[in-house]
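Novice: Below are the structure tokens for one structure; questions will follow.
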Ligand SMILES: NC(=O)c1ccc[n+]([C@@H]2O[C@H](COP(=O)([O-])OP(=O)(O)OC[C@H]3O[C@@H](n4cnc5c(N)ncnc54)[C@H](OP(=O)(O)O)[C@@H]3O)[C@@H](O)[C@H]2O)c1
């Protein structure tokens, strides 16, 4: 583990140079890793571990599309693909990658198979942090660890196949064996992380819930909608409003920010754009800061977690979700987006 200075703050980080794959394979050579759940993270993490040479099995309930997907990805029923309970029984490390609501429902089954010395692995601090609401309380004689890839399971797999790696956070909640640290780091390297940065379960879930409700998804859609509607109300066409709100950002500017930072992007745009952006960004910060503070309070109070447990556990959750997504999909802004995407030269 190295100390790396991030903008003046020292943090613990583990890189592939200091903990290479060979070492990870050695640490986990006697382990059977069961990936429980084959939704989004399940495929990414299990396929990367398998391709990296670890001993992996998948546990997935039968008779669903996820089971068929696992078979299509080369997992063999009865050999490397089992029902959830059988996989949990065979495992020494249980990677609990059901949806957060699914984890609550299946917990009694998993708990039965947490024999002393096993490790229970999460990719989100949700179940453990909100234990009063989820009922997920592991026995004291197992390791409880976390690797949270900072991106979708699809990106984790895609970047692995490109020879790159997605950054992940790691945490140890309970070290019963004295091996929790080496186990978690070896798994983090095994699933294809670029580097690992330290967190704890609570900080992971608070930042994750805030981020997805905020700039990663909620706030960004809110700001897009506000700007698009303002341009449309002032007589701009859908193409103009969409290009100025979304297309230029995703296609042209954000790749530059990803490569070199926001200051570099500001320095390399027109002086008119630069002047305006410098003058206006603090106004947007000040306008949205109270909303972010309210959001963080709601997350810390557990209200956001409770809302997702209640709503995501309902049997009609998928139908209701489709209605909400339809509202966004059928909005003029995203209808325009669909046309704009088709017109991109690479799609013609
Ligand atoms: N999505 C991401 O990219 C991402 C990123 C970072 C961390 N994480 C974390 O990783 C974990 C897994 O997330 P995910 O997005 O991969 O999950 P997901 O796609 O929502 O998980 C679906 C999986 O859960 C199973 N499942 C759901 N309810 C179940 C139940 N009641 N009984 C049995 N199986 C059930 C599904 O089986 P069926 O198909 O049979 O319903 C499927 O295997 C979560 O803790 C999440 O917070 C996710």
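Residue numbers (full-length UniProt numbering): 1 to 348. Cβ coordinates follow ideal geometry from the N, Cα and C atoms, glycine included.
The beta strand (DSSP E) with residue 114 in it runs from where to where?
Specialist: It is not in any beta strand (DSSP E) - residue 114 carries neither H nor E in the DSSP assignment.
Novice: Taking DSSP as the reference, what is the three-state secondary structure of residue 136?
Specialist: It is coil, neither helix nor strand.
Novice: Within the present structure, is the beta-carbon of residue 228 separated from the nearest heavy atom of ligand 1 by less than 7 Å?
Specialist: No, the Cβ of residue 228 stays beyond 7 Å of every heavy atom of ligand 1.
Novice: Just verifying my parser: in three-state terms, what is the DSSP assignment at residue 78?
Specialist: Coil at residue 78, not helix or strand.
Novice: Ligand 1 and residue 72: does the residue's C-beta get closer than 7 Å to at least one heavy atom of that ligand?
Specialist: Because no heavy atom of ligand 1 lies under 7 Å away, the Cβ of residue 72 does not count as near it: no.
Novice: So residue 194 is in the beta strand (DSSP E); what residue range does that whole segment cover?
Specialist: Start and end: 193-198.
Novice: When every heavy atom of ligand 1 is checked, does at least one fall within less than 7 Å of the C-beta of residue 238?
Specialist: Because no heavy atom of ligand 1 lies under 7 Å away, the Cβ of residue 238 does not count as near it: no.
Novice: By the DSSP assignment, the alpha helix (DSSP H) with residue 207 in it spans what residues?
Specialist: That run of the alpha helix (DSSP H) goes 201-213.
Novice: Name the two residues that bound the continuous beta strand (DSSP E) containing residue 249.
Specialist: That residue, residue 249, is in no beta strand (DSSP E); it is neither H nor E in DSSP.
Novice: Which runs of the alpha helix (DSSP H) at least 4 residues long sit entirely within the region 128-179? Give them in chain order.
Specialist: Counting whole runs of 4 or more residues, the region 128-179 contains the alpha helix (DSSP H) stretches 131-134, 153-161.
Novice: With 16 as the cutoff for other CB atoms within 10 Å, does residue 339 come out buried or exposed?
Specialist: The residue is exposed, with fewer than 16 neighbouring Cβ atoms inside 10 Å.
Novice: Buried or exposed: which applies to residue 343, given that a residue is buried once 16 or more other Cβ atoms fall within 10 Å of its Cβ?
Specialist: Burial call: exposed.
Novice: Using a Cβ-Cβ cutoff of less than 6 Å, which residues in the same chain neighbour residue 80 once the five nearest sequence positions on both sides are dropped?
Specialist: For residue 80, where only same-chain residues beyond five positions count, the Cβ hits under 6 Å are 57.
Novice: Give the secondary structure of residue 38 by DSSP, where H, G and I count as helix, E and B as strand, and everything else as coil.
Specialist: Of the three classes helix, strand and coil, the one that applies to residue 38 here is coil, per DSSP.
Novice: What residues match up with residue 4 in a beta bridge as DSSP calls it?
Specialist: According to DSSP, which records beta bridges pairwise, residue 4 is partnered with 11.
Novice: Between which two residues does the beta strand (DSSP E) carrying residue 122 extend?
Specialist: 119-122 is the extent of the beta strand (DSSP E) around residue 122.
Novice: Does the pairing of the region 84-93 with the region 113-121 give three or more beta-carbon distances under 8 Å?
Specialist: These segments touch.
Novice: Looking at residue 180 and residue 145, is the spacing between their C-beta atoms short of 8 Å?
Specialist: Against a cut-off of 8 Å, the Cβ pair of residue 180 and residue 145 comes out as a contact.
Novice: By how many angstroms is the C-alpha of residue 147 removed from the C-alpha of residue 113?
Specialist: Between residue 113 and residue 147, the C-alpha separation is close to 21 Å.
Novice: Tell me, please, which residues DSSP counts as bridged to residue 95.
Specialist: 35, 121.
Novice: If you measure from the CB of residue 306, is any heavy atom of ligand 1 nearer than 7 Å?
Specialist: No, ligand 1 has no heavy atom inside 7 Å of this Cβ.
Novice: What does a CB cutoff of less than 8 Å around residue 352 pick up in its chain, not counting 5 residues either side in sequence?
Specialist: This structure cannot speak to residue 352, because the chain is shown only from 1 to 348.
Novice: Under 8 Å by Cβ, that's how I've got residue 26 and residue 55 pegged, so tell me the actual separation to the nearest angstrom.
Specialist: So it is not a contact: roughly 13 Å between Cβ atoms.
Novice: Quick one, are the C-beta atoms of residue 143 and residue 183 less than 8 Å apart?
Specialist: For residue 143 and residue 183, yes; Cβs fall inside 8 Å.
Novice: Measure the Cβ-Cβ separation of residue 227 and residue 245 and say whether it is below 8 Å.
Specialist: Contact flag set, yes.
Novice: Are the Cβ atoms of residue 48 and residue 192 separated by less than 8 Å?
Specialist: Yes, these two residues count as a Cβ contact at 8 Å.
Novice: So what's residue 235 in DSSP terms, helix, strand or just coil?
Specialist: Coil, per DSSP.
Novice: Write down the C-beta distance between residue 34 and residue 59 rounded to the nearest angstrom, noting that I regard them as a contact closer than 8 Å.
Specialist: Confirmed, about 5 Å.
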